[in-house]
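Only one structure is covered here, and it is reproduced in the block below.
There are 2 protein chains.
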Amino acid sequence: MSANSRLTIAAHALAWIGLYQRQGHEVATSEQIATSANTNPVVIRRLLGELRRAGLVESRRGVGAGWSLARELESMTLLDVYEAVEPGPLFAMHRTTPDQGCVVGHGIQPAMQGIYEGIEETLRHELARVTLENVLSDVLAAPR
Amino acid sequence: MSANSRLTIAAHALAWIGLYQRQGHEVATSEQIATSANTNPVVIRRLLGELRRAGLVESRRGVGAGWSLARELESMTLLDVYEAVEPGPLFAMHRTTPDQGCVVGHGIQPAMQGIYEGIEETLRHELARVTLENVLSDVLAAPR
DNA sequence: GGCTGTTGCAACCTTAACTGTTACGACTCT
DNA sequence: AGAGTCGTAACAGTTAAGGTTGCAACAGCC
């Protein structure tokens, strides 16, 4: 499957901002987060832009600009982040419509649709069980 | 996320072979399956090759060649198919190692690893609940 | 023994998504 | 006015998947 690191990087950025704010700072810059995640600031800005549209972070422009949390880490779950950065469904249907004259070709899409919906619902439930506060705690609990 | 139709096509192929065999035929050809799935026979052969390595189907060569089920549809689950055709994990880590000198950069990977493993375990459990017999029943239950 | 139909597999192209990078305008504080 | 940072567009590079063509290998049949 597509090795998709968007959720990982987004969680990284949120944990970084949260920790930085607890250390007394107002805002974090995309430059700082990018250094920690070992990537490009534009990548971080793009991701945080999606999180802002979802109401998870806020940004400030001008001198002293940067990013801050819009809510407490306790109130954010991985599901919130997942929905903000992952557009499509987990499993896709055929790229081209199967043969509707064939019994299987005709019935396969509704069948798989129903199955996939149940599975994705379970996935969302699991993602909703993990808060970003949990993530940060786990991060800080790592042996050094 | 990656729109990955491999699981869908593999399930389609298995359901097709299963139904065809119930209609009294010995083997199904990649050509027939490709027509039903509206794709190329080589794509089907590649997928079925992976299912054969997983012990789900068998192939015969020469005249009268084709594919047949290696087990009953009742004994195959979507997890079997998923493991056969999806190599990597659902969520990926950073493409480049994060800054190990940063607390978050150092702890994020083990933290997310643990979280992701739990989620994937749940996903596998859900996939294991659906047999290919369930899939075929749903296919045949679709309104025409 | 040759013919035929199908698998097995390699090679290549196209497409799509994501990442990385550069560039520059917009904004706001000093 | 200057400076630092966001916002965003544009483009190249990478990877995975799907689609296509071609052909050798195989096995049954005449």
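In order, the protein sequences belong to chains A and B. The first sequence begins at 1047 in my numbering and counts up by one. The second sequence begins at 1047 in my numbering and counts up by one. All residues carry an ideal CB built from backbone N, CA and C; glycine is no exception.
7 angstroms Cβ cut-off: residues of chain A touching residue i
i	result
residue 1191(B)	Since the first residue shown for chain B is 1047 and the last is 1190, residue 1191(B) is missing from the structure and cannot be characterised.
residue 1172(B)	1165, 1168
residue 1139(B)	1051, 1054
Residue j beta carbon less than 8 angstroms from that of residue i
i	j	result
residue 1174(A)	residue 1136(A)	no
residue 1145(A)	residue 1085(B)	no
residue 1073(A)	residue 1121(A)	no
residue 1103(B)	residue 1083(B)	no
residue 1158(B)	residue 1057(A)	yes
residue 1052(A)	residue 1093(A)	yes
residue 1076(B)	residue 1087(B)	yes
residue 1097(B)	residue 1130(B)	yes
residue 1138(B)	residue 1180(A)	no
Residue i Cβ short of 7 angstroms to the ligand ZN heavy atom set
i	result
residue 1058(B)	Looking for the ligand ZN in the displayed structure turns up nothing, as the structure carries no ligands at all.
Where residue i meets chain A, residues with beta-carbon distance less than 9 angstroms
i	result
residue 1190(B)	1149, 1152, 1153
residue 1081(B)	1145, 1148, 1151
residue 1176(B)	1161, 1164, 1165
residue 1057(B)	1154, 1157, 1158, 1161
Cross-chain neighbours of residue i in chain B, by beta carbon under 7 angstroms
i	result
residue 1157(A)	1181, 1184, 1185, 1188
residue 1094(A)	Per Cβ cutoff of 7 angstroms: no residues; residue 1094(A) is ~15 angstroms from chain B at best.
residue 1071(A)	In chain order: nothing, as chain B lies at least about 14 angstroms away.
Within chain B, the residues that residue i reaches when beta carbons sit closer than 8 angstroms
i	result
residue 1084(A)	1140, 1142, 1143, 1144, 1145, 1151
Within chain B, the residues that residue i reaches when beta carbons sit closer than 9 angstroms
i	result
residue 1160(A)	1184
residue 1065(A)	1149, 1150
residue 1074(A)	Per Cβ cutoff of 9 angstroms: no residues; residue 1074(A) is ~11 angstroms from chain B at best.
CB-CB length for residue i against residue j, believed under 8 angstroms
i	j	result
residue 1185(B)	residue 1150(A)	6 angstroms
residue 1172(B)	residue 1168(A)	5 angstroms
residue 1055(A)	residue 1176(B)	Rounded, the Cβ-Cβ distance is 32 angstroms, inconsistent with contact.
Within the region 1091 to 1124 of chain B, ranges of the alpha helix (DSSP H) (whole runs, at least 4 residues): none
Touching by the beta-carbon criterion (3+ pairs, under 8 angstroms), the region 1055 to 1069 of chain A and the region 1145 to 1158 of chain B: yes
4-residue-minimum alpha helix (DSSP H) runs that sit fully inside the region 1123 to 1160 of chain A, ordered along the chain: 1124 to 1131
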